[in-house]
Amino acid sequence: MNTFSIKTSLYLTLSLFLTIILATSLAHLYRTHQSAERVALFGHVTFPTQSLLQEHYDMTEYIAMTHGASMYYDQVTVESVQLYRMEMDSSFSYIKQKTIILNHKWDSIGNTESPLTSIIDKITTLEKAYGMLYEMAASESSNGMLTNSQKLTDFTNKTLVPLTTEYREYVKAQLDQIQQHNNNFVVEQQKISDNAKLASAASIFIGILASVLLTYWLYQSIYIPLNAVVDRVHRLTKGDVPEKGLEISAETKVDEIINIQKSFAQLEESVRKSSSFAASIGKGQYDHQFQPLSDKDILGNSLLEMRNSLEMVNKEAKQRSWATTGLAEFGETLRQNNQDLAKLCEKTLAKAVKYLNANQGALFVINDSETEPYLELASCYAWKRKKYLSKKIMQGEGLAGQAWIERSKIFMTDIPDDYVNITSGLGKALPSCLLVMPLIVNETVYGVLEIASFKVFEQYEVEFVEKLSENIASTLSSVKTTEKTQMLLEESTQMTEQLRAQEEEMRQNMEEMIATQEELERQRQLNA
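Under UniProt numbering, the first residue of the sequence shown carries the number 1, and numbering increases by one thereafter.
Shown next, in the form of structure tokens:
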């Protein structure tokens, strides 16, 4: 089967488009470069020159009408003439400065003669003429007032008016010439713009034609065979996972499409397996076998992590429920037997061994009635039967004595062969795990609980025994307090009875002594 690559086709198409774009861009750059200097000349030189020439023309007309005519009015003061001259000097200075600056721009072009060079000379001459007019006017003044003078009239008519007229005509001619030049430039630029629009339209047409041809090729070569994959994708996005995998058509001749079909078939199979695995997790079947596609399989690895997390959560929930239920049951047992220490120890130990699925257990209670306190075996339970043993353990003696003096638990899994004879009084069976827990409440040790089992206790079971030991210690404390209170009450009652008997005996002795004294007194009186 002859196939072809989309990559090669895309390279050819891209090359065609790049060629069109490059040719269009080069043509545009050529046209832009061709008109750039003329546009710069128009924007920075010729158009500002037209505006400046218009200012020259308007200024001379204004000066001729205001400053020249002012010399012929009666009652014009010398001060007014001076003000007129200051205004004229300012106007000439301003427009000459602008003309010089713009003339420098003409000089920077190099290949074009500046129309402002002659104007600078002419306006300088005109400025001098008006200056002479004002000097003559000042010299012809009388008593601070300007008077009519034939000299001023002759100078104005013969010198100033011809100079002004000549200057205005020259400026007008230059203005007409520059206006014509600018109008021609605008027309040419419009032609260039129209040509650019035609070139852009041609480029757009070529681009549209190429796009149509490319679209037709894409439709025939890619869209039709790819549409089958798209339909499967749509079904997959809706959660519809087909039971049968995607079949690769023999009519497909595009390499990439074939690869897409194969990859999608693998994806469908992966989703199918992931869905089955997720359903098993939802049913609580955490032992379902599942293998992610790779380390980068986010969905597969996430499902595995979710399975492990849910399994751990379920396990922890069962452990918490087991511990909570156990503490509640032990709490009831402790409440029901808190009046009898022996029965309390017997019931509590038997229940602890059974609840932990252990094999042996012993409960030692501290006896502090003698000078040196010691651990006294209060109850012993082994192999589901109560053992009647008697044993005393001093502080630091064996594991129980060590836990007592160190006030901390002892958890052993590597138990020596001579463990029974040396470290414990549980009998002759050698367990695989031993937990010795001191019974502590309010910083006071009341006894030691010793549990042995052929299975190793898990951490949550050890924590359960720690909490249970606190409850047992609290109950032992209460029982011992009750026993001490009862004993003190009995001793108080006995002492009260003894005091009453002694009081009665003393009363009788006192009566006898009084009777004896009375008898002696009578005898003394008789003898006297």
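Ideal Cβ positions, reconstructed from N, Cα and C, are used throughout, including at glycine.
- For Tyr460, there is no enclosing beta strand (DSSP E); the residue is found in the alpha helix (DSSP H) stretching over Gln459 to Asn527.
- Looking at the DSSP output, Gly361 shares a beta bridge with Tyr381 and Ile451.
- For Pro373, the CB contacts under 8 Å within the same chain, skipping 5 residues up- and downstream, are Ile366, Asn367 and Gln395 in chain order.
- A distance below 8 Å separates the beta carbons of Leu439 and Leu476.
- Rounded to whole angstroms, Lys172 and Ile123 show a C-alpha spacing of 14 Å.
- Taking Glu316 as reference, the option from Val441, Glu461 and Asn359 with the minimal CA-CA separation is Glu461.
- In the DSSP annotation of this structure, the continuous segment of the beta strand (DSSP E) that includes Val436 starts and ends at Cys433 to Val441.
- A straight-line Cα-Cα distance of about 19 Å links His104 and Asn182.
- In the structure shown, the three-state DSSP call for Glu370 is coil.
- Proximity of the stretch 465-474 to the stretch 441-451 meets the contact definition, three or more beta-carbon pairs being nearer than 8 Å.
- Secondary structure of Ile120 (DSSP, three-state): helix.
- Under the three-state reduction of DSSP, Thr413 is assigned to coil, being neither helix nor strand.
- With contacts defined by Cβ atoms closer than 8 Å, Met88 and Tyr130 form a contacting pair.
- For Ile281, the closest alpha carbon among the candidates Leu303, Pro292 and Leu299 is that of Leu303.
- In the three-state reduction of the DSSP assignment, Leu160 falls in the helix class, which pools H, G and I.
- DSSP, reduced to helix, strand and coil, places Leu299 within a helical segment of the structure shown.
- Thr333 is a Cβ neighbour of Lys347, given a cutoff of 8 Å.
- Where Glu406 is concerned, the enclosing alpha helix (DSSP H) starts and stops at Gly398 to Glu406.
- Beta-bridge partners of Ile393 (DSSP): Leu375.
- Residue Val448 holds the alpha-carbon nearest to the alpha-carbon of Ser469 among Lys480, Val448, Phe185 and Ser432.
- Counting along the chain, the unbroken alpha helix (DSSP H) around Leu226 starts and ends at Ile224 to Thr237.
- One alpha carbon belongs to Ile260, the other to Ala228, and they sit about 11 Å apart.
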